[in-house]
Each structure stands twice: as C-alpha cells, then as structure tokens.
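Numbering-wise, the sequence shown is residues 1 to 86 according to the UniProt record's numbering.
This report concerns only the one structure given below.
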Amino acid sequence: MSNLELYELPGCPYCAKVIEKLDELDLEYVSHEVPRSHSERTEVEAVSGQTGVPVLVDPDHEVEGMPESDDIVAYLEKTYGARAEN
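Dropping the structure here:
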C-alpha cells in the first residue's frame, strides 16, 4: 500500500490524466480537492510552492510536491510501473 496523495480539481484534464495513470497502475491514493480560485489554494501552495494542479505527494519516495501532469505520469510509470507488471 502506498501513501500517495493527489491535489486535484474535478474537471481538470491534467488531473484526469494523472488519475487515469494511477488507476491503470492500480495505485491507491488520497485525493485532496482544491478550491477553484487560485488565491484559496493555500494547502497545495504550502506543499508545492505553487497553486496549479495536479500535484503529487509521495512520502515513501521523498516526493513532497511534484507539479505538472506529464512529470507525474512519467514518475508514476518509472516508480510503480514495474510493480504493476508483476
């Protein structure tokens, strides 16, 4: 079991891309829904230093707040993809 956390916004296509990869790899994660207004996204800003989503936190691998959907998908594939093939 992983301790993955995802900061996301429903309807965000970049978030959906990450969620699709999480589901494809059968990874459990905690979802944190952020407010629509960037000025109210204090929690995700504290984690990642910015207010955009998605943001991934993976304390098991010392990832404290990874932004950018393409980077997150590549990270998940590299870190957890081999496990899903077994």
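Ideal placement from N, C-alpha and C gives every residue a C-beta, glycine not left out.
ask   = What whole-angstrom Cβ distance do P10 and E33 have, given they're in contact under 8 Å?
value = In the sequence shown, counting from the first residue as 1, residue 10 sits at position 10. In the sequence shown, counting from the first residue as 1, residue 33 sits at position 33. Right, their Cβ atoms sit about 7 Å apart.
query = Do you know how far the Cα of H61 is from the Cα of V73?
reply = Here residue 73 refers to the residue found at position 73 of the sequence shown. Here residue 61 refers to the residue found at position 61 of the sequence shown. So the alpha carbons of these two residues sit roughly 15 Å apart.
task = Please determine, among I19, L27, K21, P67, the residue with the shortest C-alpha to C-alpha distance to A46.
result = Residue mapping note: residue 46 aligns to position 46 of the sequence shown, counting from 1. Among I19, L27, K21, P67, the Cα nearest to that of A46 is on P67.
task = For my contact list, L4 and D58 are in at a C-beta cut-off of 8 Å; report their separation, rounded to the angstrom.
result = Stepping through the sequence shown from its first residue, residue 4 is reached at position 4. Stepping through the sequence shown from its first residue, residue 58 is reached at position 58. The pair is a contact, with the Cβ atoms about 5 Å apart (cut-off 8 Å).
task = With a 10 Å radius around its C-beta and 16 neighbouring C-beta atoms as the bar for buried, classify V30 as buried or exposed.
result = For the purposes of this step, residue 30 is taken as the residue at position 30 of the sequence shown. Flag for V30 reads exposed.
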